[in-house]
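Since the structure comes first, as structure tokens, the remarks are kept for the end.
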Amino acid sequence: MKFGLRYCNTGKFAMDTALATELVQAGEAAGFESAWTVEHTVIPSGYQSQYPYSPDGKMAGGVEDLLLPDPLMWMAYMAGVTSTINFGTGILIVPQHSPVVCAKQIATLDHMSGGRVLLGIGVGWMREEFDAIGVGDHFDDRGRRTDEYVAAMRELWSAERPTFHGEFVNFDAAYCRPQPVNGSVPIIVGGDSKVAARRAGRLGDGYFPARGAPWNLIDLARQTAAEHGRDPDALEITVQLPADLEEIPELARRGVSRIAVPVSPMAGLQTVISTPDDASAWADTIERFADL
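All the letters of the sequence shown, read from the start, carry residue numbers 2 to 293 under the numbering used here.
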């Protein structure tokens, strides 16, 4: 079983570079396999879109002026002060980005970090954010765009002479160097919906529900993978830390590969690790479950 630190670029770790460095280095030393970030480029004041992970439809208890640095920039800095821990986006809002530019950024970060990037993806939920970024016309077809953008990025990452023609993305023999260390970057689909689960099964290397371990969605992701001729057991499943650590062996038995441990309260989840010392204290727990 692998363990990851979740929401690392939020809360008190968002802009306190020294503290964030201590957290990630302590996590790496304790045996955490990964550190995960989140993305919101802007949060328009008074937004009316409904946040899907809160009863009141508001993110972070209604706080709008969140300290939330760019996830890729944050990951790049932290990759430079670590050596083994992986860095993941949990999630990157793919349809808000140019897939060609995004592919370049991700591949560069992966190359310079020695292959330590995990690309968690989502489609986004805040229409006002799309509008503010200047891609408001992407919101209604954000699902189709995400599927196509992933395919285009994989082409840029792996092909000798990348060529792609789709509904939204077109290029011929467009060299995009460097390419990722391992020929691609793992795509982990996030989201607590049937659409997200099906997307994970259809095109993802992994699935990361936002909260808990929703077995109906995990099973749907695996079923969809099988329907598309893919190995359902190869789909890496990441879930939220259970309230009782004794549940972890059962999660492993059911095919969960990674446990995410929050360092800040997001998506209605409680903070588990508040300080670098808290991260260090997880060493025994990680060792206990390492062979599951």
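By construction, the Cβ of each residue, glycine as well, lies at the ideal position given by its N, Cα and C atoms.
Quiz item: So, using beta-carbon positions, are residue 271 and residue 277 closer together than 8 Å?
Solution: no
Exercise. List the endpoints of the continuous alpha helix (DSSP H) containing residue 85.
Key: Here residue 85 belongs to no alpha helix (DSSP H), and DSSP marks it neither H nor E.
Quiz prompt | Status (buried if at least 16 other CB within 10 Å, exposed otherwise) for residue 11 | solution = buried
Quiz item: Counting pairs of Cβ atoms below 8 Å between the region 179-186 and the region 130-144, do you hit three or more?
Solution: no
Self-check item: Three-way DSSP call (helix, strand, coil) for residue 63 in this model
Solution: helix
Quiz prompt | Cβ-Cβ separation, residue 25 to residue 86 (assumed contact under 8 Å), whole Å | solution = 6 Å
Self-check item: Residues near residue 34 in its chain [Cβ-Cβ closer than 8 Å; skip 5 each side]
Solution: 3, 4, 5, 86, 87 and 259
Quiz item: When the Cα atoms are used, what is the spatial distance from residue 15 to residue 79?
Solution: 12 Å
Quiz item: Do residue 218 and residue 250 have their C-beta atoms closer together than 8 Å?
Solution: no
Practice problem: Answer with buried or exposed for residue 81, where buried requires no fewer than 16 other C-beta atoms within 10 angstroms of its C-beta. | Solution: exposed
Practice problem: Kindly indicate which residue of 31, 22, 23 and 9 has the alpha-carbon position closest to the one of residue 288. | Solution: 31
Self-check item: Any C-beta of chain B under 8 Å from that of residue 96
Solution: Of the protein chains in the structure, only one exists, and it is not chain B.
Quiz prompt | Simplified DSSP state of residue 140, which is helix, strand or coil | solution = coil
Quiz item: Between the Cα of residue 282 and the Cα atoms of 29, 124, 8 and 253, which residue gives the shortest distance?
Solution: 29
Quiz item: Can you give, in chain order, each stretch of the beta strand (DSSP E) that sits fully within the region 195-248 and has at least 3 residues?
Solution: 207-209 and 237-241
Exercise. Take residue 290 and list the residues in its own chain whose beta-carbon comes closer than 7 Å to its own, dropping the five residues that flank it on each side.
Key: 2 and 249
Quiz item: Start and end of the alpha helix (DSSP H) containing residue 27?
Solution: 18-31
Quiz prompt | Where residue 101 falls: helix, strand or coil (DSSP) | solution = helix
Self-check item: Where residue 36 falls: helix, strand or coil (DSSP)
Solution: strand
Quiz item: Any idea which residues DSSP pairs residue 7 with across the strands?
Solution: 263
Practice problem: For the alpha helix (DSSP H) holding residue 73, just list the boundary residues, first then last. | Solution: 72-80
Self-check item: Contact set for residue 233: own chain, Cβ-Cβ below 6 Å, skip 5 residues either direction
Solution: 223, 226 and 227
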